[in-house]
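In my numbering, the protein residues as written are 263 to 542.
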């Protein structure tokens, strides 16, 4: 089909959300070897860029809505949960529409997605997983108080934005390059170095704004933000289907709710707020 079917979009969106809730395994075909992946041109390359951009924007907008809700409550106000849920749903719809407009079924398959429906599900999964990770990192079991929670949320947002932007720029350049190009390795190494530096700087700012962060949270700002950066950097593994840049598996006990986890209170003890399995 020339374009993804749009007439039944409400029903499609509802079904995508239902499937996303049931499981968050990303629906990809076989990953191509990094050295041969890429060399995309024309509309396929444009589709690749739109997919990653839409995923990043959805994650950013959903987290912004959740963060605003949490900070309103921290300031003594009442968060409008219904309005927040509506904002997040709208962010997801926008990402789906953006990709549906830019990509054909053939282009999605060329990029190693199983098809348009599966790609739509991947967008929802990534958007939801990032929102939960960021929310748990900033407002979860940290016990840092109003000022420290707001400072942590700001640091999470800074790291997120840098990770999403830098990884996309790197992988978009790789996607356009010929397989085996000598520039590919240095591009990846440079992106990793820059992200590490951004995490270090955000951790220093967080430590300055919340001097007792370690005693309150049980971990260092750098440890928490490194985990957060890895979750945002998953945009590379989720939407550029090759075998070098991958999303790290979830780690129960790191204090961040990740894919297929129901909770994560920063330990793997049973008998407390979150089971040792991080699932309920």
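Idealized CB from N, CA, C, for every residue including glycine.
*Mind checking whether residue 449 and residue 497 have CB atoms under 9 Å apart?*
no
*Hey, how far is the Cα of residue 486 from the Cα of residue 297?*
32 Å
*Taking the C-alpha atoms as reference points, what is the distance between residue 539 and residue 402?*
17 Å
*Taking the C-alpha atoms as reference points, what is the distance between residue 299 and residue 500?*
14 Å
*residue 320 and residue 389 closer than 9 Å at C-beta*: yes
*8 Å Cβ shell around residue 294 - same chain, five flanking residues per side excluded*: 374, 503, 504, 505
*Evaluate contact between the segment 467-487 and the segment 440-459, counting only Cβ atoms and requiring at least three cross-stretch pairs below 8 Å.*
no
*Give the C-beta separation of residue 443 and residue 310 to the nearest angstrom, bearing in mind that I take them to be a contact with Cβ-Cβ under 8 Å.*
That belief does not hold up - the Cβ atoms of residue 443 and residue 310 are roughly 16 Å apart, past 8 Å.
*Close Cβ partners of residue 420 (< 6 Å) along its chain, the five nearest in sequence each way excluded*: 464
_The alpha helix (DSSP H) enclosing residue 475, as first and last residue numbers_ = 475-479
_Nearest-angstrom beta carbon gap, residue 510 and residue 535 [assumed within contact, 8 Å]_ = In fact, because the Cβ distance is near 24 Å, the residues do not count as touching under 8 Å.
*So, do the segment 380-387 and the segment 329-343 have three or more beta carbon pairs nearer to each other than 8 Å?*
no
*Are residue 476 and residue 395 touching if we call contact CB-CB under 9 Å?*
no
*asked:* Whole angstroms are fine: how far does the CA of residue 441 sit from the CA of residue 532?
replied: 49 Å
*Since residue 468 and residue 415 are thought to touch, with beta carbons under 8 Å apart, how far apart are those beta carbons, to the nearest angstrom?*
Rounded, the Cβ-Cβ distance is 10 Å, inconsistent with contact.
*State yes or no: is the beta carbon of residue 376 nearer than 9 Å to at least one beta carbon in chain B?*
Any reference to chain B falls outside this structure, which holds one protein chain only.
*Cβ atoms of residue 356 and residue 323: under 9 Å apart, would you say?*
yes
*Residues bridged to residue 290 by DSSP?*
375
*Report buried or exposed for residue 445, applying the criterion of at least 16 other Cβ atoms within 10 angstroms of its Cβ.*
exposed
*Using the Cα positions of residue 494 and residue 461, report the straight-line distance between them to the nearest angstrom.*
12 Å
*Have a look at 480, 439, 466 and flag the residue whose alpha-carbon is nearest the alpha-carbon of residue 303.*
439
*Answer with buried or exposed for residue 408, where buried requires no fewer than 16 other C-beta atoms within 10 angstroms of its C-beta.*
exposed
*To the nearest angstrom, how far is it from the Cα of residue 372 to the Cα of residue 479?*
45 Å
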